[in-house]
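Under the numbering used here, think of the first position of the sequence shown as 24, with each following residue one higher. Note that the Cβ used here is the ideal one computed from N, Cα and C, for glycine as well. For reference, the structure is listed below as structure tokens.
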Amino acid sequence: MLRANSLALLLLILSSCGYGFTSLKNPYEKKGIRTVSVDIFKNKTIEGGVEVYFTDALRLYLVSRSGKLELVRNGADAYIEGEVNSVILTPASIQMGTAATEAEGGLPAERLLATTYMVTVNVKLKMIRTKDKAILWQNSFSQSQSMNSGSYTDERSTSNVFIKESNKRETLRILSDQMMLFAVDSLLEEF
Numbered sequence: 024m025l026r027a028n029s030l031a032l033l034l035l036i037l038s039s040c041g042y043g044f045t046s047l048k049n050p051y052e053k054k055g056i057r058t059v060s061v062d063i064f065k066n067k068t069i070e071g072g073v074e075v076y077f078t079d080a081l082r083l084y085l086v087s088r089s090g091k092l093e094l095v096r097n098g099a100d101a102y103i104e105g106e107v108n109s110v111i112l113t114p115a116s117i118q119m120g121t122a123a124t125e126a127e128g129g130l131p132a133e134r135l136l137a138t139t140y141m142v143t144v145n146v147k148l149k150m151i152r153t154k155d156k157a158i159l160w161q162n163s164f165s166q167s168q169s170m171n172s173g174s175y176t177d178e179r180s181t182s183n184v185f186i187k188e189s190n191k192r193e194t195l196r197i198l199s200d201q202m203m204l205f206a207v208d209s210l211l212e213e214f
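In structure tokens:
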């Protein structure tokens, strides 16, 4: 009996965590929207290619979570426009070189190196009905993620630029995935 009660309590706790499945109904069907297309996002940043991450993630989640709202390439009842408005890297932690780090072949004394950054992305989305250009839904999303910058290399007297760039790309991919999952849920719940 105690075991059954414990199991019931665990299921109650897990079901009340706030996570759930998006409705499989199409909330835009009453407005004549059965199909939607996603244009490649506009990139208003200096981060080349970031628009592809966000476009691909939005398309993926529309297909996998939207139920009766069908993603098509041409002739859609509505289309979604996206803009990546900003990608901001802010140093989150800094290391100061000392005589000891310089003696060990590391960061020179009196030199600062950002060891982690906070990457913040701002994206704006609109769903527009094709026949009359009416905006059916729009929302802006902003999210941050921590990123390691790489390590000091003596040859370049700086942090390893390739590691930093690779970490930034992976962080942007993660952010696009998380943000577009939330965007599709927001779109389908009309909030």
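How close, in whole Å, do the beta carbons of residue i and residue j come, if the pair is a contact with beta carbons under 8 Å?
| i | j | result |
| --- | --- | --- |
| GLN166 | THR194 | In fact, because the Cβ distance is near 11 Å, the residues do not count as touching under 8 Å. |
| PHE64 | GLU52 | Wrong, their Cβ atoms sit about 26 Å apart, outside the cutoff. |
| TYR76 | SER199 | 4 Å |
By DSSP, does residue i sit in helix, in strand, or in coil?
| i | result |
| --- | --- |
| SER172 | coil |
| ARG152 | strand |
| ALA157 | coil |
| ALA132 | coil |
| ALA137 | strand |
| LEU211 | helix |
| SER189 | helix |
| SER199 | helix |
Distance check for residue j and residue i, CA to CA, integer angstroms please.
| i | j | result |
| --- | --- | --- |
| PHE164 | LEU112 | 17 Å |
| LEU83 | GLY98 | 19 Å |
| GLU127 | GLN118 | 15 Å |
| LEU204 | LYS191 | 20 Å |
| GLU106 | GLY120 | 40 Å |
| MET202 | SER109 | 14 Å |
| ALA115 | LEU148 | 28 Å |
| GLU125 | GLU133 | 9 Å |
| ARG152 | VAL59 | 9 Å |
| MET170 | GLU93 | 35 Å |
In the DSSP output, which residue or residues are listed as bridge partners for residue i?
| i | result |
| --- | --- |
| PHE164 | VAL146 |
| THR194 | In DSSP, THR194 forms no bridge with anything. |
Scan the region 50-129 and note each continuous alpha helix (DSSP H) run of 4 residues or more that stays entirely inside, going in chain order. 73-88, 122-126
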